[in-house]
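Some notes on the structure that comes next.
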Amino acid sequence: MSWTRLAQAPQAAPAVRDYVAGGGRYLGFCLGGYLAGETPGFGLLPGDTDQFIASPGARPSHTRDTVATVIWDGRRRQVFFQDGAWFDLDPTRGPAEVLATYENGLPAAVVAPFGAGAVGVVGPHPEATPDWFTDCGLPVPADLGADLTQDLLDRVMRLGQVTRAAERTARRHRPPRGALGSRRWPVSSCPGGAGWRLSARRGRRARSSRTARTGCARPRPARPTGC
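Numbering of the sequence shown is given in our numbering, commencing with residue 16 and proceeding in unit increments.
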């Protein structure tokens, strides 16, 4: 099943959303980051996703397997890249924390609450091992992104603990059914997540069919193809 068919399958999005909203965690790399958006996708973010190479000032600006620069926690890092996403966040729709940006300032890695669960997404592939680079004839960065992958994972797990605790507190203080009619009660918040309003000419276009055929769709860890 292609990634677009998966995202548009009637049972897929509700199942994923219910799992995360119930206290689960969603971790998405590259294609998994695209799928956290809405067009098409599971709708797990306060905003949407878009193709990074189509954004103004994007480097790289082609679909070939390559290396991209991100600024993660204030440090410039070289990471494997396969036509990944950027994250178009809307602070009016909910909180989110940007962990990393591309060189043009667009979000490259994000964590956000979703119900009682948490979502962590990244456009590039910080989890790539040396053979991903050498198989494509690319130089291996001196500092591979294993620590970035661990940082993303740790933040998703911590945020998930916070949102689940908030959900339990809300349930304890929730009045008996019918006591206050249809009043809605808050569930969770993201500590320190101010969110971003980003306005770039989106230049949206259909995702490259090649993206679905390359590393984003294969099980991890596997070597990239189509160099």
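Just so it is clear, CB atoms sit at the ideal spot from N, CA and C, and this is done for glycine as well.
Computed from a prediction, not measured in an experiment: that's the story for all the values here.
Cβ-Cβ distance between residue i and residue j below 8 angstroms
i           : j           : result
residue 8   : residue 104 : This structure does not reach residue 8, given that the chain is present from 16 up to 242, and the question cannot be answered.
residue 139 : residue 83  : yes
residue 157 : residue 95  : no
residue 49  : residue 56  : yes
residue 102 : residue 122 : yes
residue 66  : residue 88  : no
residue 170 : residue 135 : yes
residue 145 : residue 137 : no
residue 109 : residue 61  : yes
residue 85  : residue 41  : no
Residue interval of the beta strand (DSSP E) (run including residue i)
i           : result
residue 29  : Segment 27–36 is the alpha helix (DSSP H) holding residue 29; no beta strand (DSSP E) there.
residue 42  : 40–44
residue 116 : 112–117
residue 90  : 90–96
residue 100 : 100–104
residue 132 : 132–137
residue 73  : Careful: residue 73 lies outside any beta strand (DSSP E) and carries neither H nor E.
residue 129 : 122–129
residue 62  : 62–66
residue 84  : 81–87
Neighbour-count burial assignment, residue i, 16 or more Cβ in a 10 Å radius
i           : result
residue 141 : buried
residue 152 : exposed
residue 132 : buried
residue 33  : exposed
residue 149 : exposed
residue 28  : buried
residue 93  : buried
residue 80  : buried
residue 20  : exposed
residue 218 : Note that residue 218 scores a pLDDT of 42, beneath 50, so its modelled location is shaky; the value from the coordinates is reported in the next line. Its Cβ having fewer than 16 others within 10 Å, residue 218 is exposed.
residue 107 : exposed
residue 54  : exposed
residue 184 : exposed
For residue i, the first and last residue of its enclosing alpha helix (DSSP H)
i           : result
residue 146 : 145–150
Selected residue, minimal CA-CA separation from residue i, among the options
i           : options             : result
residue 43  : 29, 26 and 167      : 167
residue 58  : 31, 171, 79 and 163 : 31
residue 100 : 106, 63, 93 and 92  : 63
residue 175 : 53, 106 and 35      : 35
residue 180 : 37, 162 and 163     : 37
residue 164 : 24, 45, 26 and 25   : 45
Short CB-CB distance (under 8 angstroms) between residue i and chain C
i          : result
residue 48 : Looking for chain C here will not work: only one protein chain is present.
Examine the Cβ distances between the stretch 124–132 and the stretch 70–81 and report whether three or more of them are shorter than 8 angstroms. Output reads no: the stretch 70–81 does not touch the stretch 124–132.
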